[in-house]
Structure formats: structure tokens, C-alpha cells
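Protein chains in written order, with my numbering: chain A, 1 to 426; chain B, 1 to 426; chain C, 1 to 426; chain D, 1 to 426.
We put the CB at the ideal spot given by N, CA and C, even for glycine.
Taking it in order: structure first as C-alpha cells, then the write-up.
Protein chains: 4
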Amino acid sequence: MYRSLIRNSARQLASARPIAARRFAAHATPQPFNWEDPLNAQSLLTEEELAISETAEAYCQERMLPRVLDAYRTEHFDKKILEEMGELGFLGATINGYGCAGVSNVASGLITKAVERVDSGYRSGMSVQSSLVMGGIDEFGTQEQKEKFLPGMAKGKIVGAFGLTEPNHGSDPGAMETTAKPHPTKEGYLSLSGSKTWITNSPIADVLLVWAKHHETGKIRGYLVERSECPPGTLETPAIKNKNGLRASLTGMIQLDECPVPEANMFPDVEGLRGPFTCLNSARYGIAWGITGALEDCISRARTYALDRKQFKGNPIAKYQLVQKKLADATTDAAFGTLACVQVGRLKDNGEAAPEMISMIKRQNCDRALWNARTLQEIFGGNAVSDEYGIGRHVANLFVTQTYEGQSDIHSLILGRAITGIQAFV
Amino acid sequence: MYRSLIRNSARQLASARPIAARRFAAHATPQPFNWEDPLNAQSLLTEEELAISETAEAYCQERMLPRVLDAYRTEHFDKKILEEMGELGFLGATINGYGCAGVSNVASGLITKAVERVDSGYRSGMSVQSSLVMGGIDEFGTQEQKEKFLPGMAKGKIVGAFGLTEPNHGSDPGAMETTAKPHPTKEGYLSLSGSKTWITNSPIADVLLVWAKHHETGKIRGYLVERSECPPGTLETPAIKNKNGLRASLTGMIQLDECPVPEANMFPDVEGLRGPFTCLNSARYGIAWGITGALEDCISRARTYALDRKQFKGNPIAKYQLVQKKLADATTDAAFGTLACVQVGRLKDNGEAAPEMISMIKRQNCDRALWNARTLQEIFGGNAVSDEYGIGRHVANLFVTQTYEGQSDIHSLILGRAITGIQAFV
Amino acid sequence: MYRSLIRNSARQLASARPIAARRFAAHATPQPFNWEDPLNAQSLLTEEELAISETAEAYCQERMLPRVLDAYRTEHFDKKILEEMGELGFLGATINGYGCAGVSNVASGLITKAVERVDSGYRSGMSVQSSLVMGGIDEFGTQEQKEKFLPGMAKGKIVGAFGLTEPNHGSDPGAMETTAKPHPTKEGYLSLSGSKTWITNSPIADVLLVWAKHHETGKIRGYLVERSECPPGTLETPAIKNKNGLRASLTGMIQLDECPVPEANMFPDVEGLRGPFTCLNSARYGIAWGITGALEDCISRARTYALDRKQFKGNPIAKYQLVQKKLADATTDAAFGTLACVQVGRLKDNGEAAPEMISMIKRQNCDRALWNARTLQEIFGGNAVSDEYGIGRHVANLFVTQTYEGQSDIHSLILGRAITGIQAFV
Amino acid sequence: MYRSLIRNSARQLASARPIAARRFAAHATPQPFNWEDPLNAQSLLTEEELAISETAEAYCQERMLPRVLDAYRTEHFDKKILEEMGELGFLGATINGYGCAGVSNVASGLITKAVERVDSGYRSGMSVQSSLVMGGIDEFGTQEQKEKFLPGMAKGKIVGAFGLTEPNHGSDPGAMETTAKPHPTKEGYLSLSGSKTWITNSPIADVLLVWAKHHETGKIRGYLVERSECPPGTLETPAIKNKNGLRASLTGMIQLDECPVPEANMFPDVEGLRGPFTCLNSARYGIAWGITGALEDCISRARTYALDRKQFKGNPIAKYQLVQKKLADATTDAAFGTLACVQVGRLKDNGEAAPEMISMIKRQNCDRALWNARTLQEIFGGNAVSDEYGIGRHVANLFVTQTYEGQSDIHSLILGRAITGIQAFV
């Protein structure tokens, strides 16, 4: 009873296409292996996507890379970079209209990867702008909000920040304390009070998407706070300095003290954690892509070093088994991670990506990138301590990517819940 | 200069398809997550492949699974299983003609996965028949050899074995000692002498593809040794018992003592390690697929146990964080590994798969399956020691899959060589 | 203000002993490194302990080792081994009087290590007899109970078993269901009913220390059930076969169906989990020691194999970096684990060992022994599947040691509670 | 024949001391567990050692800790710290005479641990002064050299540096290129030329112990280069800035250009790598101790954070299983590592420590400290990126300790050679 099916399909297949001949002919000339794309993920891309990827990589390597070492040392973020990204169509790239590029989620992932190949901090700045703020507005905003903010943000002229995490509420944003009450004096305005922390871009942001509990429902709502409209003393965004990682991105707090926000700046329909989680989901998707870029850069740097560095009878250290294993491990994880990103991107384009899929690729890709980057760093021996080799910067950055937008353990529990049907957060 | 490209492609894309609307509509109804196929690899399969997979899974669960516990305990291999596989078209499934199914490499992988979901030993028996022997004959054999052996092997009536590894030469088959000399008495015959070990199916094999060094060239050539034609004392295939794993498959030696083999049974053209390595490459591809089936079975068994088993205030242990993390890790690796298999299968169909790609997925999938199976086994606590739960059997099997057809470290060095251009075997 | 102290002590030390001269003289002739005792733990042992260790090792290697392969294959436990151990003073070795040896806890650990160097199953049989049952009687029994059971148990003539774990209650024994009620017909007797599982030695035990909830208090009490006194049908101890590990030890259930036990066979004072946990603590201490023996045997076997096995240009595989790293890792963990055992043994002799210390060394030594044994097993390549090499048996056994007497995760939570003051079991 | 021994020893022991009574009495009052010293390593210390440890810890916490955050941020090393250490007797503490404290190797280790509990950079500065330079002079110097340098170095008035590693020769110092030739113009002087890098303290060092190949023998010899005596342009010691770790210590190069060094400043007898390796061995012993201090500080900081930080229904995150496991793992490794240090210290005092023992504890303690510090860092979530929590600094430092004075893989191969008798460096 099992039999007919396979025979049938076999027959169909056999009649339809002479695979075997082609296949075995191909065997005769073994295919080359490309360590930079070991499982040929390129074969899954459209021509447009390939073109976008090439452009993005060229820009990032030629224009961004030369700036990053100094930026990291001095914790400086060059705001011009957002404008350059805007010119190239990187910002809000999946959005249709409003001057956005309207590309596929895979293309967007490739852009993200190109940026993070240079530095996770630059990618963070872009992610916040694109996924968290522009994505949020496009998804949940009114037509007026979209038209007001998206075109300028797409150009990188208006800088966005996303205020969810609070000093006492990281993994558990539902317990946030920031509130939106009726403004005591200004008609048609709400008054926002509370404190947000670890907010990328906040010190330079023009528009801050702040999540706060609405006075009537106690439910979380999203508010677009425009810095230029805030009276003195109602909005402060002090920078947080002396960071251990992501030093090429700006991080700060958002301190709201009875800050007046027009009711028209509230997202109209979305309530509860669905709003911020949808935005985060999109950003996490970008992180999963991005960090494969950082990992690939670590591989490339470690490989070059291992080929150049000679120890013991003039052998390049690339000849030693313990070194080769590190390279093999990292290359494998980069290749597997990339395929997973492409797959989720395709599903996302079709509206078929479950949020847990994104938890899965964000968690795994970040964990593996970090683990491998650290292992590759060992190849540099004592030289790893010099920031000139770049790998220490990636290691420090990647630790942060593992902890933000869902710390790795939190994503483990999200997956555990999806697998077992039981939550284990508490 | 970077700019136009993206804008162009964006324009093209925007005009071509209204993705965004569809995408965001989809957001409104979040997609479900399926722990059995977390990244929706099914979406990558053709209808034929899905149908083949369903048939194979049904047969394996209904017909093979009930036999495995006893087979494993007693180290017994039911030869009838090969015939059943033959009836279903599992054997040599990618070969065109000769009664073979001629399916895609992905379909073949799905069959392999279904079999190994039950037991790696059954899959080993099938792999040897299909990939190593039938594949070898189809690739390198003469037309006469193909017509003589393939139809019977496809039916499972003729059982094959593959003799490469020798007692003193495992990872380094190029140093093999088995030789093929002119037969002292039989004209047109070669005389094979030497010893092969860890040969799956050898005790019951009808035809043994033996690799031996040719007396004239010193190069490795392939010979089809037919048991029925061997004079007494020239071919012995003693079984190796008391194995730690793969106990549902038969393993033995091949001892050749001036065994006469007609010259017509030699592969005509292929010389050196290219012959056996091509066969192994194909088998390794099957292993990479197969063990994701074993891992998925471990996940399923551990999940069920964790939901059923209650400890501490009546909580199912699935509620505990340390348990959920194990499930999340395993599920992730299974999902990533499956995507990599699909990708390499597609490339293989197009003649674009490099051997190192197969080293990569064989190594990674085996390593991760073993690691995760062991970790999942911890969930069973003391009960894991009982063979009724099945997971201990998978763990023992998976260790063997990690060591055969290229021990994990050897594949690391194959990858290391491909990445660096330098060999580190010695 | 900090200063004087060091100067003072320095002065004292300088006057007290001319260390430096001796030390630097010693430098001139570098000390040898002994891979079998890398950190010279021997230097911490008394002469008696060294002598005991040598005797135990000699007996185990000469008399026990030759029996283990067959025992493991056939799941047979030779009861005579307990008698031999009894003759040598291995049983209840730390107990004073009753024919027991009365040795230090370190000496006892060394005996345990010698036994487990051969097989964890043999050590399990001994641990149950010594630590769980004899130790329990010596600690909690009445004088009459001690005199009745201990001398025969010390000789290995009376075999003990320890019944705590139940089919539905493993990590959480406080929820046990076995009860002790007044016997309906026999005056002065309690009636025990319930079911225990995974009980080492149960099928051959003469006396079974069963923990059950007392009808009056609901609290757990200990009862010495004598098989010879049990009416037919009230005590069954069916063996559990087809185990994945510990196959050289006997395992079974204890099924009590209104089994009459004289009140005089109840432990007089101890109530609640303190009783069984004290016994387990002592057994766990033995496991921590024992598995270092198993690990050392794995190291020795892997080292020998790596030196004998030649691959690639005739090099012993011991020459390869990836092999050496595995040996270095394992040797380090064995050395560190041994020092920890000696330290806890000394503290135990002085009544200064906290139970959490034993959780720490049991967990760590089991986890590391298992991890390293698995890694060393990789050195054997395909040959690892043969049980003749012995390492597969250790790997299978060590997995069980990780899960019994406190699964590794449970000990993590015991330690976590001790470190944080907060319990995380539920 | 095995029997008598144990019985005898048992008898002796039984007569000698009534252990059991004491032991079981102790059981009645279970001992407390101290997470800061889980296996009671304190019980192994002498009173003097305890006193020294307390003094050192008090100084480091009260005087050094307040300076480290700023020092790390600004890559500034306060030279006064060496003088303070000198006043307290920390420098060259195991040396007898010359104003040194002459304490045991364990006491010296405790001092090192106290310093590295604050920062690995401070410990590095001290190690170079004490172990590498003072230790080298004391071991290999002439009486005149000792009297000239040691008293001032013990006070911290003369700062030392140790020049072994060269830009192209790290793990393989035997291939060094620095040479000592007869000085072309200055009688009785040698002329040193070459370049050393990653030299701790070099920018401020007064005396630099430089290893160079002697022109006559081609063998490596040690030379004491006094900065004050070097003509302009013959000695440069530029600082290396922008380090990824150890930023509280000074690092630089040593550039020698025909630098004249009096023959009297050459170590008289020692030739080849034995000289620098003896010094390194002593320093590595200190590192093994020191990093347990850094790890313990990470544990303490993570524990405090986990108890203070509340997420999900107001629970401190210390309540979550995934957090407790991290704390349990780290605490275990710190405890095991400390015992190993004490043991090797005692053996060192007796001239019984093999160099491979030090490779073992240096490698293991560094590897485990780094792994655990990174894992503990995850507990801090996003807050880990702030340098105020201190743990990121330890993580960055510990990576360097893993790579210097023998990168971890090199020590693996040193151990592998000691275990197998075969070198695998090339």
C-alpha cells in the first residue's frame, strides 16, 4: 500500500527531467568550495538581491569601515552615516512608499549583514531607525503619522529612537512604569512621565517612539515624542558612556517628566505588548542576519592572520590542527545561520513567519557568532589585545547582541514555551 | 555611485509585486509555530517530495519501528527489511533506470531521514546498499555491471557491502594493504588478498565492492566480488558482535585470501581515492539527512517524557527552565540542520555540490545530533537507563555515525584545508 | 597599617625555615611529570592510605577486571564479588567495629576509585552495600540492628539494597507513596506497601532498607525488610534487564504488598528526608571518588590506543594536536577532581564537610568524567564501537552515574540554593 | 594475599584514633556551606598565610579597587601602586633576603589572588616585577646583580620589565631575532639589537631583562638593560595603547638599536630557553592563582546583581534555574581551581612541582575563569554593557590572561607532550 506513491512519483520525475545525466556529468568536474559562502546561499538569491547586496557591501567596506576604529575608540557616532544610508535606500528598506525602497525581507537582511560586517554598532543605529521606529510607524501609525515621519526618516534626516526598556524592567517590559496621563494644562495632550534606558540613538533622536501605560486602560500604547516640541525639562536624553561594546553606536536614557505629547501622536489601535513585540520581532530578524556579517568578518580576519602568522619552523599557524578546527567550526555556523535567515526571510515575505522562528534564528545566530568569534580570537594570541585587528571589537559587540532584544535565555524560554505549551519564565 | 542600483531594484520590485500589503495583513494573524518543523522546511519541498516523505515515514513508523527494540537487543538484522525497502523504491532511489525510483536528492534524503528516525542501524544498512554500492556501480560500473547487479539490488534481493576500511587504515584509506594481483591459475581473473573491517552488511552480502591496489599501477581500483563465485576459503565475512551501537545493523569483516575475481568485475576507469571517496560522499550526504531524523525522534521522545513526568508539586518537568533549554537547543539544531540538507540536496541535483559541503553538513549534523541527543537523555533521569525509552539507543547509534564515514575531526581538517588551502592531516 | 603583618610573618618564616635554598636547588633538577597523577595527589595520602590503595587496585585489576566484559554483555552480577570485597575489608570500610575496617574517608574513597576503575556497576553494588545500607544502619540503627546486620554485611554474606526512589518520584523523594501502617493481623508488626524502582542489588538482596511514610506522622521512616521473613507475595524484587549502562550491576524493583515488618526493624529516631539524604550523601561522596577511577581508566586506554594506532605516514595518532588536546583536557579534570575528593574526605573525617560540598564534587566529577570519556572515545574512531576496548562501557556507565543519586541538574539547584539562599526547584 | 594489609591498617587506625565518634557526632549538626570558599580551602592554610591573605585583600579592596575603573577607562597605570605593593612586601615575596618577604609559594599565591580580584592588569604589573624580573635575577643573577637590583625592586622604586616575546615570535621564542654582539666601540660591552613587543611595564621600566641570542654560541642569554645607562636612541619603549583588555596595566615595546650593555649585566650561567622558561613558569604559577581571584569577584558581583535585580512578578532573577546553574558552575570551578593552586604551591615549596603541573593549572584556571566570567556576564543582561558593573572588565582581562604566558592551546600541547611523550607543536 505504501508502494505505488513512490513509484508514481519516480516515474513522473524520470519522465519530466533527465536529472541523472546532468548530475553525474557534473561529478566528473568537482565543484569548487567557497569558504566565504560554503553552502552557496547566493544560489538562493534573486538578481535584485545580489545587486543590492553588492552595493551595500561596497558602500560599507569603502565608506564605513575606515571610520569605525576611531568611532569605537572615542564612542562617537557620526550622524552623517544615517544620511548616507538614507541616500542608498537602507532605511526602512522593506517599506513600500514614503520614499522607502520596498525590497524583500531577504534583501533587507543582506543590507543589514553588510553593515554589521563592519560593526554591530552601526547596524544597531540602522536597526532602530528602520525596524523599530519606521517599522512601527508603518505598521501601527495613522496615515498622518506615516506621512509626517517616514519620508524624513527614510532619508536619515529625522533620527528615531525606541523607548521600551526601563531601568528596572528589561526582560519583562510588561511591568513598565512609564505612564501617559491627561496633560494637566494642555488640551488634547497627554503627559508622559517615566524613564527608559539603554536606548540606542536617544541622545540624537528627533522622534522617540515611547511605550507607556495609558491612564484609562493601564495598557501599553505607543507615543511619538518629537524632541523639538518638548518644553525644556520635560525630555532629557543623556548619553551613557564607557560602554563595554557597541561603542560605535550612541546609547542613552530617555527621561520624561510630564512631557506633553499630542493625542494625535499616539498609535491609534495597537494595545499591550503586541505593539512593541511586533517591532522587536522585526528588529530581531535583522539582528539574526546582521551578526552573520560580523561572524564572517571575524572568519576572514582570523584566516588572514593564520595564513600570515608563522610560528614553529616557519609554518603559518593555519597549518595547525587546533587552528583549523576553529576556522571549520566558525565557517559552518556562519553557513548554517545564513541559510536559516534566508528561509525565514522568504517566509516573512509571504506572511508565514512565526515570531518563534525569529526567536530561534536570533538566539542561535547570536550565540554561535559570539562563541565562534571568541574562539577565533584565540588564533590571534597576544596580538588579539590590539584593537587594530578588529576581532576584539566584534567580540565585545556580539556579546551585546546576545543580550539585547531578548537575552539568549529569554529566547530559550520563548522556544521552550512554544515546544511544550508551558511557560517557564516564572 | 552606489545609489542608483538599489533605487532601481526597489522600483522594479515595487512595481512587480505589492508585497507589503500582503505581508502586513499577514502580521495581523500571527503564524503558528510547529515544533516538529520549526523553520518550515516543508515549504521548500515539492509535492512529490512531500508525498515520498509521508510514505516513507508511514512505512518506517508502522513496519520498522515495532521490530527495532528486539533487533537492537539481540544484534539481529532482519534481511527482509531490505526487500521491503526495495519494494518501496528506497534502494538506489536517485538512480535512473534499472528499476530504481530516480527521485531527487532531496527526496532521497527524506527517505533516509524517515528510516533513521527509527534507527541509525537500519539507515546504515540502506546507505551501504544504496549510496556506497549501487551508487558506485551506477557511477563507475560498466553497462554490463549495471545491468547485472542494479535491478536485483534495487529490489533488495541482492545485498551489497562496501569494503574500504582496513584494520590498520581507517581515516587514511590511501595506505590500504589489500592487493589485486594476476590470479596464479585462473586466466582473466585477478586474485584479491587482504582484510577489511567494520563492513556493514558484510556477513550477508551477495556482492562486495572491494577496493584494492592494482598490481601494475599500485593504484586503488574497485572490484565487485560475488560471494557465490568465490571458491571456499577465499572469502570470509565473519560478523563482529557485541557492538556498543548500531546493533540493529550487521557488521563484519571481509577476509580475502587469493580470492579470484574476473577482470570484468573491475570498475573500468576510476583509479585512486576518487572512486571510494565519490561513493562515500554520497553516503555522507545521506547520513547528514538521516541523523536529523534520529535527532527529531529524540526530541519527540524527550518532549513527551517531560510533559508526562511530574516532579515537585505535580509540575510536569517540561515546566522547568533547565529542561526547556535542552529542548530549545535540540529543536534549533534539528531545524538548522534540515535546511542545510535541503540546500545541499538541491545543489547536488544541479551538479553544484562541492564535496566539502557534504563534509560540512555530515560533520555538523552528526556532532549536533549527538550532543543534543545526549543532553535530551538527561531529561529522562534514571529512567534513561531503560532501553524502552529508546533515547539511549539513539545516543549510542549517533556516536557511531559521528565516527564513521569520516570521523568528525577528519572532516574538520577537510574543511580546514578547504578554508586555508593547507592540509593539516600530518 | 597593612604593612607590619606581612613583614612580621615574613620574618617568622624566614627565621623558621630556609625554604628558598631548598626550593631553588630543586629547580636545578626539574621534577618529572606523572600523567597518571599529574598534580601528585599521592603526596597527600598517609602511608596506610597508600597501602590500602595499592591493595585495592591490585585486587581489582587482577581479579575483577577479567570478569567484567562478560558480566556486562550478559547483565550478570557475580555475587561472589561482594564476598571477596568483604574479605578484603572494602564493605562499610569507614565503620568502626562490627568487623569493619574503620579506615579514613580518604582510604574509603581510594577503594571506591579502584573498583570503579574496573566498572561503575561493581562500584554501585559496593556503594549500596557500604554507604547506603551499612552506613544507614551504623548511623541510625539501634544497637540490636547493628549487631544483627553489620557483621554479615561486612563479610558480604548478607546483601543489602536501598529502597528510596519510586516509579513516580525520583528527584523528589519527599512525595513518595510507600506507606507503613499497623499490620492488620500481626501484632508488633507494620505493614509496608508500595513500589520502589531502579534499586541496585534488589533482586539478590537479603535485607532491604526501605523508606516509607509512617501512618501516624506521615513522616518518612526507615525499615529493614528481611527477605527471609517475608511471607510469599508480600515482597517481590523483579530484575530490570536490557539496561543501557551499569550492566555489570543488578538492578530491580521492590514491590511491597502488605509486607509485615517487625517494629524492631524500624530506625528508632530519624524522621523525614534527613535519613535517606544522610545515606545518599555518603554514597555520593563515594561516587565522586569512584568516577575519577573510571575516567583515569579511559585516559589510560585512550593513551595506549593513540600511541599504538598509526594513521597518515605511520604517525601514531597521539602525535596529532586534536588528539593531544583531548588527552590534556581529560587528564586535567581527573587531577583536579582527585584533589577535590581528597579535600572533602579530610573534611569529612573531621566532621567539617557540608552536604553541598558533596553535591559539588559529585556533580562536577560526574559531569567532567562523562564529558571527557565521550571525548576520549572519539580517539578510537570506528573501533570505539567494539566493546573490547572498554571505553564504550565506561561512557555508558558514566551517563548513569550522572543521573543517579541526584541528577546533575538537581545538584546544580542544590548548589544554587546554597549560593543564593533561594530555592529554584519549583 | 590482598587481605592482611587492609586489616592491619584498619587495626592501626582503629587503635590510633576514635574517628567515628567524632565524625558521626558532627553529622548531627550539619556543617555550613560557604559560597565564597565552597571546599574550605582556608583549612589548608597556615596562620601566617591566612594573615597575609587578609592583609592583602584589605589593601586591595580598600586602596586599589577605588582606582581601577578610571585607570581602565584611561589606560593609565599609577606607578605608585608598585611602591605601595613594595611597602607591603608583595614584590618578590618568595625571595629570601634583599628586603623581600620570603614567604611560602602559597602565601605568594594568595597575595596574587587578592590583587587580581581587583584587576588582572594590576596583577600583571606585579607579576612582571616579582616573578619574571626579580625571580629571574634571584635565580640566575650574580651576587652583584642581586644586590644591585633586588632591594630597590622589592621596594617598588626600581621598575622591571621582561623582554622575551618578539613581533614575529610569540609561542615560539626559540626563534627570536634579537642579538647580543660585541659592542663595536665600548670595551666590555655587548651591543643588543632587536625588538620585543607586548612587554608589560616597558614604558616605565628602569631595568629590562632582555633575552637575546649571544653572538658566539647563538644561544639565548639574559641581559639586564638599565634605561639610565642607555645612550639616546639605543633604547625605545613606546607604549601600546587602545588595548582590548588589561588596560590598567602598561604595555609597550622594547626597541634596541645597538644598545650597549655591560658584560657584567649578563646572567652568568643560564643558556637557552631554560632561563626565560623558568621565569615564565613562576609567573604562570602566579596567574593560575590570580585569576581565581578575578573569577571569585565575578561570582560575587553576579550573585549580588541576581539577588538585587527583579524581573517577572518581582522575583529576584537569582530564583531562576538558568541563573542558578551559571552560579553553580562558576563557584565549582573557582573552588576546584583554588585547591589545585594550593597543592602546586605546596609542591613548589618542596621543590617537587613539575613545570607541566603549572601548565596544567595555568591553562585550566584561565580557561575556566574566562568561560565562567563570560557566562556570569549574561546574568547582567543589557546592563553588562556598562563598565560600572565591573564584570565586562574582568571578561576582557581574562581573555588576555588566557593568551599570554602560554596561550591555552600551547599549554594543551605541552601537556599532550608530557602525557604521550610526543611533541605536536609542528
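Inset, instruction - Would you check if the distance between the CB atom of M253/C and the CB atom of T197/C is smaller than 8 Å? - result: Residue 253/C sits at position 253 when you count from the first residue of the third sequence. Residue 197/C sits at position 197 when you count from the first residue of the third sequence. Going by C-beta atoms, M253/C is nearer than 8 Å to T197/C.
Inset, instruction - Identify, in the order they occur along the chain, each residue of the same chain with its Cβ nearer than 8 Å to the Cβ of I391/B, setting aside the five sequence neighbours on each side. - result: As a position in the second sequence, residue 391/B is number 391, starting the count at 1. These residues qualify, in order along the chain: C298, R301, A302, A373, L376, Q377, F380 and A384.
Inset, instruction - Could you list the residues in the segment 252-283 of chain D with a C-beta less than 9 Å from some C-beta on chain A, going in chain order? - result: Listed in sequence order: no entries.
Inset, instruction - From the DSSP output, in three-state form, read off G421/A for me. - result: Indexing the first sequence from 1 puts residue 421/A at position 421. Coil.
Inset, instruction - Indicate whether G290/C and R123/C have their beta-carbon atoms separated by less than 8 Å. - result: The count along the third sequence starts at 1 and reaches residue 290/C at position 290. The count along the third sequence starts at 1 and reaches residue 123/C at position 123. One thing to note: G290/C has its Cβ within 8 Å of the Cβ of R123/C.
Legend entry - Closest Cα partner of C100/A within the set A288/A, L91/A and S53/A: On the first sequence, position 100 is the one that residue 100/A refers to. Nearest of A288/A, L91/A and S53/A to C100/A, Cα basis: L91/A.
Legend entry - Uninterrupted beta strand (DSSP E) stretches inside the segment 246-302 of chain B (no shorter than 3 residues): Counting only runs of 3 or more, we get 251-262.
Legend entry - Euclidean distance between Cα positions of V400/D and I81/D: The sequence position of residue 400/D within the fourth sequence is 400, counting from 1. The sequence position of residue 81/D within the fourth sequence is 81, counting from 1. Pairing V400/D with I81/D, the inter-Cα distance amounts to about 21 Å.
Legend entry - Sheet register partners of H169/C (DSSP bridge): The sequence position of residue 169/C within the third sequence is 169, counting from 1. Residue pairing for H169/C: DSSP places it in a beta bridge opposite E166/C.
Inset, instruction - Can you have a look at A56/B and say buried or exposed, based on whether 16 or more other CB atoms are within 10 angstroms of its CB? - result: Here residue 56/B is taken as the residue at index 56 of the second sequence, counted from 1. Per the 10 Å Cβ criterion, buried.
Inset, instruction - Grab me the residues of V225/A's own chain with a C-beta within less than 6 Å of its C-beta, minus the 5 sequence neighbours each way, in chain order. - result: Here residue 225/A corresponds to residue number 225 of the first sequence, with the count starting at 1. These residues qualify, in order along the chain: L208, V210 and V261.
Inset, instruction - Could you check what DSSP says for P151/A in three-state terms: helix, strand or coil? - result: Within the first sequence, numbered from 1, the residue matching residue 151/A stands at position 151. DSSP places P151/A in helix when its eight states are reduced to three.
Legend entry - Chain-ordered residues of the segment 415-426 of chain B with a beta carbon less than 7 Å from chain A: Contact annotation: in the segment 415-426 of chain B, residues whose CB is within less than 7 Å of a CB in chain A are L415, G416, A418, I419, T420, I422 and A424.
Legend entry - For H427/B, the first and last residue of its enclosing beta strand (DSSP E): With chain B covering only 1 through 426, there is no way to say anything about residue 427/B.
Legend entry - Where Q407/A sits in the DSSP three-state scheme: If you number the first sequence from 1, residue 407/A lands on position 407. Three-state DSSP puts Q407/A in coil, outside helix and strand.
Inset, instruction - Pull up the DSSP beta-bridge partners for A180/D, would you. - result: Stepping through the fourth sequence from its first residue, residue 180/D is reached at position 180. Answer is L192/D and H214/D.
Inset, instruction - Take every Cβ of the segment 145-156 of chain D, pair it with every Cβ of the segment 307-326 of chain D, and state whether three or more of those distances are shorter than 8 Å. - result: Because the criterion of three Cβ pairs below 8 Å is not met, the segment 145-156 of chain D and the segment 307-326 of chain D do not touch.
Inset, instruction - State the Cα-Cα distance for the pair N265/A and R221/A, rounded to the nearest angstrom. - result: In the first sequence, residue 265/A corresponds to position 265, counting from 1. In the first sequence, residue 221/A corresponds to position 221, counting from 1. Taking the straight line from one Cα to the other gives about 11 Å.
Inset, instruction - State buried or exposed for K113/C, treating a residue as buried only when at least 16 other CB atoms are found within 10 Å of its CB. - result: Mapped onto the third sequence, residue 113/C falls at position 113. So K113/C ends up on the buried side.
Inset, instruction - Check whether the segment 229-240 of chain D touches the segment 163-171 of chain D, taking contact to mean three or more Cβ pairs, one atom from each stretch, closer than 8 Å. - result: Contact annotation: the segment 229-240 of chain D does not touch the segment 163-171 of chain D, with fewer than three C-beta pairs closer than 8 Å.
Legend entry - CB contact below 8 Å: D349/A versus chain D: The count along the first sequence starts at 1 and reaches residue 349/A at position 349. So, not an interface residue.
Legend entry - Beta-carbon proximity list for H394/B, same chain, < 7 Å, skipping 5 on both sides: Stepping through the second sequence from its first residue, residue 394/B is reached at position 394. Counting only Cβ-Cβ distances below 7 Å, and skipping sequence neighbours, we find A294, D297, C298 and A373.
Legend entry - Sequence-distant residues of the same chain with beta carbon closer than 8 Å to K157/C, five excluded per side: The count along the third sequence starts at 1 and reaches residue 157/C at position 157. Only E83 and G86 meet the Cβ criterion.
Inset, instruction - Give the DSSP-derived three-state secondary structure of T197/C in the structure shown. - result: The residue you call residue 197/C lines up with position 197 of the third sequence. In the structure shown, T197/C sits in a strand (DSSP, three-state: E or B).
Legend entry - Contacting residues, own chain, Cβ-Cβ under 6 Å from D119/A (five flanking each side not counted): As a position in the first sequence, residue 119/A is number 119, starting the count at 1. Only V68 and A248 meet the Cβ criterion.
Inset, instruction - Could you tell me the distance, in whole angstroms, from the CA atom of D329/B to the CA atom of T74/C? - result: Locating residue 329/B in the second sequence gives position 329, where the first residue counts as 1. Locating residue 74/C in the third sequence gives position 74, where the first residue counts as 1. Here the alpha carbon of D329/B sits roughly 36 Å from the alpha carbon of T74/C.
Inset, instruction - Answer with buried or exposed for G218/A, where buried requires no fewer than 16 other C-beta atoms within 10 angstroms of its C-beta. - result: As a working mapping, residue 218/A is identified with position 218 in the first sequence. Flag for G218/A reads exposed.
Inset, instruction - Compile a chain-ordered list of the residues in the segment 310-326 of chain D whose CB is closer than 8 Å to at least one CB of chain B. - result: Here the close residues are Y320, Q321, L322 and K325.
Legend entry - Those runs of the beta strand (DSSP E) which lie wholly inside the segment 220-249 of chain C and span at least 3 residues: Runs found: 220-226.
Legend entry - Where the alpha helix (DSSP H) containing K310/C begins and where it ends: As a first step, residue 310/C must be located in the third sequence, where it is residue number 310. No alpha helix (DSSP H) holds K310/C; DSSP gives it neither H nor E.
Legend entry - Span of the alpha helix (DSSP H), counted from its first residue to its last, around V68/A: Here residue 68/A is taken as the residue at index 68 of the first sequence, counted from 1. Here the alpha helix (DSSP H) through V68/A covers L65 to T74.
Inset, instruction - Measure the C-alpha to C-alpha separation of A306/C and I410/B and round it to an integer number of angstroms. - result: Mapped onto the third sequence, residue 306/C falls at position 306. Mapped onto the second sequence, residue 410/B falls at position 410. Distance between the alpha carbons of A306/C and I410/B: 15 Å.
Legend entry - Selected residue, minimal CA-CA separation from E187/B, among E263/B, D349/B, P268/B and R363/B: Within the second sequence, residue 187/B is the residue found at index 187, counting from 1. It is E263/B.
Legend entry - Stretch pair the segment 326-340 of chain A + the segment 30-40 of chain A: three plus CB contacts closer than 8 Å: By the Cβ rule, the segment 326-340 of chain A counts as touching the segment 30-40 of chain A, because three or more pairs are nearer than 8 Å.
Inset, instruction - Reducing DSSP to helix, strand and coil, say where P355/D ends up. - result: Against the fourth sequence, residue 355/D aligns to sequence position 355. In this structure, P355/D counts as helix in the three-state DSSP scheme.
Legend entry - Contacts of L65/B in chain A (Cβ-Cβ under 8 Å): As a working mapping, residue 65/B is identified with position 65 in the second sequence. Below the 8 Å Cβ cutoff, chain A contributes no neighbours of L65/B, its closest Cβ being approximately 14 Å away.
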